[in-house]
Amino acid sequence: MRNFIIRRLFQAFILLFFISALIYFILNFVPGGPFDLLRTSNPRVTQDHINRLNALLGLDKPVYERYIIWLGKLLQGDWSNSWTVSVGRPVSELIMNRLPYTVLLMSISTGLSIVIAIPIGVYSAVKQYSWADYVVTALSFFGAAMPTFFFGILMIIFFAVFLGWFPAAGGVASPGLPGNIIDVIRRVITFGQSDPNIAGREAEIFIDGLKHLAMPATVLSLFNLAGYSRYVRSSMLEVLKQDYMRTARAKGVKERVVILKHGLRNALIPVVTVIMLSIPGLFTGAIITETIFSWPGMGRLFFDGISQVDWALVQGILVITAFLVVICNLLADISYALIDPRIQYG
Amino acid sequence: MKKSLVLVSLLVLALVVACAAPTAPAPVVQTVVVPATVVVPGAPVVQTVIVAGTPQVQVVTATPPPPTVAPTKAPVGMKDTIVLAMSQEPDTLNPFIGSMMARSLVNRAVYGDCVVQDNKAAWVPVLCESVPTVDNGQAKFVGDGVDKHLEATFKYKAGIKWHDGTPLKASDQVFGWKMYMNAKFPATDRSFIYKVYDVQAVDAQTFKVIWMSESQALQAAAGTLKGNVDFSAFKDDYKDTYGDWKGQGPVVDPIFWSFDYAMPEQILGKLKPEEIEKSDFSKKIVGAGPYKLREWQPAQQIILDAVADHPLKPKIKTIIFRFITDASAELAALQKGEIDGATQIGFDTDSSPELDKLPKDAYRVDYTPGYQWEHIDLNTTAFPFDDVKVRQALAYATDKKAIVDQLYYGKVKVANSWLPDFHWAYDASKLTIYPFDVQKAKDTLKAAGWDCTKNPCQKAFTDAAGKTTNKNLEFTLQTTDRKDRQALAQVLQAQWKKVNMGVNLQFLYGRGLFATCTGGAGGPLNCRTFQAGMYTWLSGDDPDQSTLYTCKSTPSEKNGYSGQNYPGICDKTLDDLLVKGANSISQAERKPIYLDAQKRWTDLVPVIPLKANANVTVWSTHLKNATGVPTQSGETWNMYAWEWVP
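Quick mapping for you: the protein sequence lines, in order, are chains D and Z.
Using this note's numbering, read the first sequence as starting at 1 and increasing by one per residue.
Using this note's numbering, read the second sequence as starting at 1001 and increasing by one per residue.
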């Protein structure tokens, strides 16, 4: 196992190097630069102005030279500064500002989908071809097929405007509150040392945060729920056919124990792997859902970076994503071996 | 589901009852003098009055006002905090870096301006006491001959401070000008400030701006001009603009009164120019405006608080700019009453059918024509638009009214020039206007030698060797891949097909259309490889187009493909008029110049103007003095005067 991990880490390092080069060169070969549109908003801006601004960002150098400079800074922890989304601010600062919101939204939606997907997947497998199975299957396909932007807007219209249960404007907190749900969580984690401005109003802010979280988390969880429930179902169906399940029943074990202890535990092995592979999504966010609900997450930051040609920012996010995908793949392989003793790596 | 069914049923029932209920007869109201009676303050006085001719008794009550008592809390319906929606977050709050309208809207209230344009596009003083003009004597020409130059004096109002308590001083303008003219400062646009030779602080509140004389302009172009800034750092820019300035007189800018480069020296004086962009100043802006920044929550909102002792006396305590990225969510927030308004950064005319359904007693929607104009550039040096008659025919074949009515719900205006119809230098009677006329288009093409009995039209061309070939009247219209532009392009294609013009459409990724041209390769506009290109320009209150439609503004290999005269129109009459207009500061003198220039421009048709875009803003009916504006000042120009009336 140790040799396996070392070998994979070495491969990961090489892979990430090539990925970073690919990301950099693809982005920087896209026609147009961050300042080209200045001229449409101000005809007085000339090419010389744009050339001077490009030079301040180092964009007058050849691409390969810029890549080497960028990579060198990256390895020293300098992720460069944003070009256009938040002019001059470090990319790392922008990412760290948004990350807590993304992790909160994605972990709640993923957690919700897993908690719902497992029981319905199990039930669907145990009662295969029953009406419950068909309903679950239909809902799964519905959830997978429904575009998140459409469903999100429907939810806003129905739950926010029509019923008035949730805020329509989206965001993290209602205007006028001194903080938001992330501040409350941070205050709890630091035992009241941080965010003194929200003292005494933590409960109010937390509940308000939950109201803002409800709709985007529901939209995302429905989308993920579809996939997870199908995984659980198909994995469970495989396990139910195994001899040890028949043996357990023959020994007189209660059906519930057979399903949950003997069946589910084994069926979850591939599901755990799938969940491990979706960990990068906890950090990269969901572009469309965050845009619909004005959630200040990484997905929206990424979208803003692309639309405003902020390659410094987009590169940073893509490199982090690539890193997480590679590492989580490795962790998934390791976890597979740890959970299933039949798997061994040399 | 159950709850909603119940709600819907109740709604239907209420509707039925409302329709079925008999209408009561309208009461007759008559004023009756009530005889004196004992009055107890705070207690209603009831008088029964029989009004002749009506079947019912009209009861008149009068409640004398109770003794005056100081209110212990705000009246019902009063609001201390206003929430405005904005779909885009500013890239920075530093007013001298970046170019986003979102930044300008916030900074109008936070940073403050010496002078600004109001909702009628008139220039009004805000932090300054007056707008310096030649008429009021605050601007004058000084010196003779090649040393003649313009000087303008500005004076700040008394008592204005930066938000850190430091008084706003005239020397802050001197400091800001020097900072801006430092080549390491990442300024977006120096075309205005290049013309300034010096800025001097006359006293604590008064500063004088000295514009370049003819001799100084020529020295700057030669790289030899000496002064309080390093002009030689911009030698190439000066050479391009003033290289042949001899005999042109002093350098002026027609809106010289908009000079404003005040920077807080007590904060930025400690930083190098290249550090300012990355400094906290860009995020935690310290301004001198009527509102100060309380907090900027990234991707969420910007919160502003009124400066209590500001001379402008802002009335609303707190303003929140909330970033709502999706138009549907923004509309839902309005429907639910969660926000009090929407800035121009959010909705466009696509949303007008839904916006017009908002309750009229709750919201007012302003569709304010602005300075942005959608248009089609025609390459006047390439087939087929190298023939003015073909350009004119295309103009006749374009039904702008149908486009405005069908694609934009009639919320925008047809454009006939680079200036909007409310502009002081615009007069439709002085332009050549091309009304939609298919027959006239065909006749014009016929006069140009095109045989339009064929589809597409054909014409025989003889080359230098004497060889004759038939060419089809076909061209490519290039534009961006934006959804509304794609629809517009398809409508135009259908219209032009009626006169047998073959039109291909090409939708380029947004920046691809405007990509720079290097060595002849790059964006079609800058490389001038296009035939027809459609996009938006932003004109301004100043009608100057000398950087757009003059011969030397044509991008070419000679000038490194700089310049923005993409159509390549080169007409001496037009050139002379535009240069003359740019060098005058008298509106009375400039107006006839620009009327002649627009006439010439519309005769030559290097461009087909299509429509003037509208700024769409939404306001609560309780929010007084807030309106959409046509100018780049933005609707927050007078935020200090906004008032919430319950």
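Built from N, CA and C at the ideal position, the CB exists for glycine as well.
For a test of the three-state rule: what should DSSP assign to residue i, helix, strand or coil?
i	result
Z/Gln-1300	coil
D/Ile-279	helix
Z/Phe-1141	strand
Z/Lys-1467	coil
D/Ala-267	helix
Z/Met-1212	coil
D/Thr-137	helix
Z/Thr-1480	strand
D/Gly-299	helix
Z/Pro-1592	helix
Z/Thr-1621	coil
Z/Asp-1198	strand
Z/Lys-1161	strand
Z/Gln-1173	helix
Z/Ala-1026	For Z/Ala-1026, the pLDDT reaches just 41, beneath the cut-off of 50, and the residue's location in the model is therefore unreliable, although a value from the coordinates is still provided. Z/Ala-1026: coil per DSSP, three-state reduction.
Z/Cys-1527	helix
Z/Ile-1462	According to the sequence displayed, residue 1462 of chain Z carries Thr and not Ile. Strand.
D/Gln-242	coil
D/Phe-166	coil
Z/Val-1083	strand
D/Met-236	helix
Z/Gly-1370	strand
Z/Leu-1127	coil
Z/His-1149	strand
Z/Ala-1342	strand
Z/Gly-1502	strand
Z/Glu-1643	strand
Z/Ala-1062	Annotation note: pLDDT 42 at Z/Ala-1062 (below 50); position unreliable, no value reported.
Shorter than 8 Å from the beta carbon of residue i to some beta carbon of chain D?
i	result
Z/Arg-1590	no
Z/Ala-1333	yes
Z/Tyr-1242	no
Z/Val-1616	no
Z/Tyr-1396	no
Z/Ser-1099	yes
Z/Arg-1652	Given a span of 1001 to 1646 for chain Z in the structure shown, any question on residue 1652 of chain Z remains unanswerable.
Z/Glu-1277	yes
Z/Tyr-1561	yes
Z/Asp-1237	yes
Output yes if chain Z places a C-beta closer than 8 Å to the C-beta of residue i; else output no.
i	result
D/Phe-293	yes
D/Gly-378	The structure shown does not extend to residue 378 of chain D, since chain D is modelled only from 1 to 346, so the question has no answer here.
D/Gly-32	yes
D/Gly-285	no
D/Pro-175	yes
D/Val-85	yes
D/Asp-183	no
- Whole runs of the alpha helix (DSSP H) within the stretch 1215 to 1277 of chain Z, excluding any shorter than 4 residues: Runs of the alpha helix (DSSP H) inside the stretch 1215 to 1277 of chain Z: 1235 to 1242, 1265 to 1268, 1273 to 1276.
- Answer yes if the stretch 292 to 304 of chain D comes into contact with the stretch 89 to 102 of chain D, meaning at least three C-beta pairs across the two stretches below 8 Å, and no otherwise. yes
- Taking one C-beta from the stretch 252 to 262 of chain D and one from the stretch 170 to 185 of chain D each time, how about it: are there three or more such pairs within less than 8 Å? no
- Item | Contact set between the stretch 1287 to 1300 of chain Z and chain D, restricted to residues whose Cβ is under 7 Å from the partner | Along the stretch 1287 to 1300 of chain Z, going in chain order, the ones with a CB nearer than 7 Å to a CB of chain D are Pro-1298, Ala-1299, Gln-1300.
- Given 8 Å as the limit, is there contact between the stretch 1178 to 1187 of chain Z and the stretch 1227 to 1243 of chain Z, that is, 3 or more CB pairs closer than that? Counting C-beta pairs closer than 8 Å gives three or more between the stretch 1178 to 1187 of chain Z and the stretch 1227 to 1243 of chain Z, which meets the contact rule.
- Message: Give the list of continuous beta strand (DSSP E) stretches no shorter than 3 residues that lie fully inside the stretch 54 to 137 of chain D.
- Response: none
- Message: Suppose only complete runs of 3+ residues qualify. What are the beta strand (DSSP E) ranges in the stretch 1564 to 1614 of chain Z, listed by chain order?
- Response: none
- Check each residue of the stretch 153 to 168 of chain D: if its Cβ is closer than 9 Å to any Cβ of chain Z, include it; give the result in chain order. Ile-153, Ile-156, Ile-157, Phe-158, Ala-160, Val-161, Phe-162, Leu-163, Gly-164, Pro-167, Ala-168
- Listed from N- to C-terminal order along the chain, which residues in the stretch 1501 to 1524 of chain Z have their beta-carbon within a distance smaller than 9 Å of any beta-carbon of chain C? No chain C is present in this structure, whose protein chains are D and Z.
- Query: Does the stretch 1167 to 1176 of chain Z come close enough to the stretch 1143 to 1152 of chain Z to have 3 or more Cβ pairs within less than 8 Å?
  - Reply: no
- Counting pairs of beta carbons, one from the stretch 1350 to 1364 of chain Z and one from the stretch 1593 to 1604 of chain Z, are three or more of them closer than 8 Å? Touching, no, given that fewer than three Cβ pairs across the two stretches are closer than 8 Å.
- So does the stretch 1274 to 1282 of chain Z actually touch the stretch 1119 to 1127 of chain Z, counting three or more Cβ pairs closer than 8 Å? Not touching, per the Cβ criterion.
- Query: Using Cβ-Cβ distances below 7 Å, what residues of the stretch 1316 to 1344 of chain Z are close to chain D?
  - Reply: Of all residues in the stretch 1316 to 1344 of chain Z, only Ile-1320, Arg-1322, Phe-1323, Ile-1324, Thr-1325, Asp-1326, Ser-1328, Ala-1329, Ala-1332, Ala-1333, Gln-1335, Lys-1336, Glu-1338, Ile-1339 place a beta-carbon less than 7 Å from a beta-carbon of chain D.
- Using a beta-carbon distance cut-off of less than 9 Å, what residues from the stretch 259 to 271 of chain D approach chain Z? For the stretch 259 to 271 of chain D, no residue has a beta-carbon sitting nearer than 9 Å to a beta-carbon of chain Z.
- Item | Three or more C-beta pairs below 8 Å linking the stretch 1388 to 1401 of chain Z and the stretch 1431 to 1439 of chain Z | yes
- Query: Using 8 Å as the threshold, is the stretch 1606 to 1620 of chain Z in touch with the stretch 1402 to 1418 of chain Z, meaning 3 or more CB pairs across them?
  - Reply: yes
- Within the chosen definition, does the stretch 1544 to 1551 of chain Z reach the stretch 1562 to 1581 of chain Z through at least 3 CB pairs nearer than 8 Å? With a cut-off of 8 Å, the stretch 1562 to 1581 of chain Z and the stretch 1544 to 1551 of chain Z count as touching, because enough Cβ pairs lie within range.
- Task: Taking a Cβ distance cut-off of 7 Å, strictly less, list which residues of the stretch 1350 to 1383 of chain Z are near chain D, in chain order.
- Result: Close to chain D, meaning a Cβ-Cβ distance shorter than 7 Å, is no residue of the stretch 1350 to 1383 of chain Z at all.
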